[in-house]
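Colleague: Got a structure here, written out as structure tokens. Questions coming.
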Amino acid sequence: MTDLAHPDRLDKVARLRAAGIDPYPARGVEAEPLAELVRDLGSPQSPGPRVGARVKAAGRLLSLRDFGKLIFAPLVDKGGRIQLGFQRDVLTDWWPNRKLLDGGDLVGVEGELGFTQKGEPTLWVHEVHILAKSVAPPPEKWHGLVDKELRYRRRYVDLWSSPGIADVFVARSRIVSKIRRDLEARGFLEVETPVLQPIAGGAAAKPFVTHHNALGLDMYLRIAPELYLKRLIVGGLEKVFEFARNFRNEGLSLRHNPEFTMLEVYWAQADYRHQIQLTEELIEAAAREANGSTHVRFRDREYDLRAPFRRVSYMELFEERNGCAFRDEAAVRAIAKRLGIREEHGYPKLANDVFEATCEDALEGVVFVVGYPIEISPLAKADPENPGVAERFELFVGGMEVANGFSELNDPAEQARRFEEQIATKDPEAPGEVDVDYVQALEYGMPPTAGVGIGIDRLVMVLTGQDSIRDVLLFPTLRPLHADTHGETQADGESGAAGSKHAPEA
RNA sequence: GGGUGCAUAGCUCAGUCGGUAGAGCAACUGGCUUUUAACCAGUAGGUCCUAGGUUCGAGUCCUAGUGCACUCACCA
């Protein structure tokens, strides 16, 4: 038992047992969803079909308003809420036990649907069963859980005590489900590829390192599933996708969590133009699924996600904003100097930084940027008409990158050369060694293929209007609490259990 | 990693010029059969984040630390 458990409530557990009532019974009750009960009850002005009906319900009591011989208590379940009315004259036998109920308790009830004098839909209770006694005090009834950290740490409280929170995660589930169904309908196969990888490839990012004891081998949590999914294209699976949890050992922000979900789709015989179209169609459908419309409100701005989305050319935008070509090194360096941008990993990266600094505002709407410099696209195929430009696109919504896709490089020699080049930059985010097995896979021959990665967390942010990635993650990454000091134990009751499950920080 | 801010009862928060701890909610006791942030009366509840320092005296001022929020950088 932790310090979170309230002595008065623990005492009530004992009193329930003494009264012959199991505070944690083994069986639940068959209950109807509260939202349906409320819907079918209607209102006093337009009564529904189930006024006076005898029903069973289960849920969590939020609070109790005790009038002596009458108690009102709101009951919530997943997505619904109704008021319970307990009356002494109806619950004669149970009445002496009423003081053993608290806000937060889980109960099952049987009773009759009706209204109060004020017209509030009410389930007039005839039978009460406690389903689980809550010994931790619920959040303050008016303000609720306002401490953001506590909301993330105790999502299990946030979900039932903060209105609208559960809706975001229901929407997330529907978005993912819709995308999955749409891809399956188009003949794509959902697959699973390794999270534990001997070489962290497929993106530029710092990986988490772990160790496999039996193999005596350091391994990485994947930063991207890309190289494995393309192996499957070599294997002839033709159209594959994975909702891939990726792990990147980098900073946290409104848009970044160390683990995040990326949908990656690979499509043989397609090129980047097919993927652009697929991307916008999937997103439009997901928007309709989540909101019933293509209009979304994100960070105080309205966006219309109806396909097709606008396209702009990377190189043209660069020239328009900077008055010089991407590869006009002298001119670009001068601009970089004026903007105070320092070179860190070679010229192409510097020029891309200039792009990001000068073209940012052009990415404010819903827009595909198309045709990235080949130098910063090591896994993408060059445009046959324009060898310096990769057949690559990124999708931005409100300035935030949501998707990245391209025609996949399938020339094994060229891929090996680009891997070597990447490693030579000594960029800490470049892979440490060439993924020889991947190059070998290409040597067997990969058909012309296009791939895209869609940031699912960020897409959900846009579609549900959440500013922070943490608000679309049920359990965002947090520093674990330690039970070392008394102060922290007091501040958080579950710290002892939680702390013991976490490995020490590396 | 840098900057700014915050940390007081279970929760949300006050706390004046440095003078020894307050409210509402929750809990407990009593009253109340139509409330909905119910109401009325009472009781109990404090390592003022931690460790130092200044001072006759620190919740308050100073230093360091810890945690969190916001923000910048990196990243998708």
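All letters in the first sequence, in the order written, are residues 742 to 1247 by the working numbering.
Backbone N, C-alpha and C fix where the C-beta goes; we use that ideal spot for every residue, glycine too.
1. What would DSSP say about residue 765, mapped onto helix, strand or coil?
2. Mapping the DSSP letters down to three states, classify residue 1001 as helix, strand or coil.
3. If we count the other Cβ atoms within 10 Å of its Cβ and call it buried at 16 or more, is residue 1010 buried or exposed?
4. If you follow the alpha helix (DSSP H) that residue 818 is part of, which residue opens it and which one closes it?
5. Is the region 798 to 809 in contact with the region 771 to 785, if contact means three or more CB pairs nearer than 8 Å?
6. Please list the segments of the alpha helix (DSSP H) lying wholly inside the region 873 to 955, counting only runs of 4 or more residues, in order along the chain.
7. Please state whether the Cβ-Cβ distance between residue 1137 and residue 1146 is less than 8 Å.
8. If you check the beta carbons only, do residue 846 and residue 823 fall under 8 Å apart?
9. Measuring from the CB of residue 1086, is there a heavy atom of the ligand GDP at a distance below 7 Å?
10. Which residues mark the beginning and the end of the beta strand (DSSP E) in which residue 776 is found?
11. Using the Cα positions of residue 970 and residue 1162, report the straight-line distance between them to the nearest angstrom.
12. Quick one: any contact between the region 1147 to 1167 and the region 1117 to 1129, if contact means 3 or more CB pairs under 8 Å?
13. For residue 1067, count neighbouring Cβ atoms within 10 angstroms of its own Cβ and tell me buried if that reaches 16, exposed if not.
14. Would residue 964 and residue 985 qualify as a contact pair, given that the criterion is a beta-carbon distance under 8 Å?
15. Spatial neighbours of residue 1054 within its chain, please: C-beta separation below 7 Å, excluding the five flanking residues on both sides.
16. Check whether the region 894 to 905 and the region 936 to 953 are in contact - that is, three or more C-beta pairs closer than 8 Å.
17. Give me the DSSP bridge partner(s) of residue 1190.
18. Quick check on the DSSP output: the beta strand (DSSP E) that includes residue 828 runs from which residue to which?
19. Quick one: grab the DSSP three-state call for residue 1153.
20. Tell me which residues share the same chain as residue 794 and place their Cβ nearer than 6 Å to its Cβ, disregarding the 5 neighbours each side in the sequence.
21. Spatial neighbours of residue 1226 within its chain, please: C-beta separation below 7 Å, excluding the five flanking residues on both sides.
22. DSSP beta-bridge partners for residue 869?
23. Kindly indicate the opening and closing residues of the beta strand (DSSP E) around residue 1045.
24. How would you call residue 766, buried or exposed, if buried means at least 16 neighbouring beta carbons within 10 angstroms?
25. Determine the DSSP secondary structure at residue 859, reduced to helix, strand or coil.
26. How is the alpha helix (DSSP H) around residue 1093 delimited, first residue to last?
27. Out of curiosity, what's the CA-to-CA distance linking residue 946 and residue 1169?
28. Can you check which of these residues, 1031, 837, 844, 943, is closest to residue 704 by C-alpha distance?
29. Using C-beta distances below 8 Å, list every residue in its chain close to residue 958, excluding the 5 sequence neighbours before and after it, in chain order.
30. Since residue 764 contacts residue 874 with CB under 8 Å, what's their CB separation in whole angstroms?
31. Whose CA, out of 1128, 1166, 1027, lies closest to the CA of residue 918?
32. Considering only DSSP beta bridges, list what residue 996 is partnered with.
33. Quick test of the definition: if touching needs 3 or more C-beta pairs under 8 Å, does the region 1018 to 1032 touch the region 1182 to 1198?
34. Could you give the DSSP three-state label for residue 756: helix, strand or coil?
35. When DSSP labels each residue in this structure, what does residue 1224 get in the three-state scheme?
36. Among the candidates 1188, 1214, 1187, 1186, whose CA atom is the shortest distance from the CA of residue 1199?
Modeller: Put simply:
1. coil
2. strand
3. exposed
4. Unbroken run through residue 818 is the beta strand (DSSP E), 811 to 818; no alpha helix (DSSP H).
5. yes
6. 889 to 894, 896 to 902, 906 to 926
7. no
8. no
9. This structure simply doesn't include the ligand GDP, nor any ligand for that matter.
10. Careful: residue 776 lies outside any beta strand (DSSP E), inside the alpha helix (DSSP H) at 775 to 782.
11. 23 Å
12. yes
13. buried
14. no
15. 1111, 1112
16. no
17. 1009
18. 821 to 828
19. helix
20. 854
21. Any reading at residue 1226 must be qualified, since the residue scores a pLDDT of 31, below 50, and its modelled position is unreliable; the value itself is stated next. Taken in chain order, the list of residues that qualify is empty.
22. 850
23. 1042 to 1045
24. exposed
25. coil
26. 1088 to 1100
27. 8 Å
28. Nothing can be reported for residue 704: it is not among the residues displayed for the chain, which extend from 742 to 1247.
29. 939, 952
30. 4 Å
31. 1027
32. Paired residue(s): none; residue 996 is not in a bridge.
33. yes
34. helix
35. Model confidence at residue 1224 stands at a pLDDT of 39, short of 50, so the residue's coordinates are unreliable; what they give is reported in the following sentence. Residue 1224 falls in the coil class under three-state DSSP.
36. 1214
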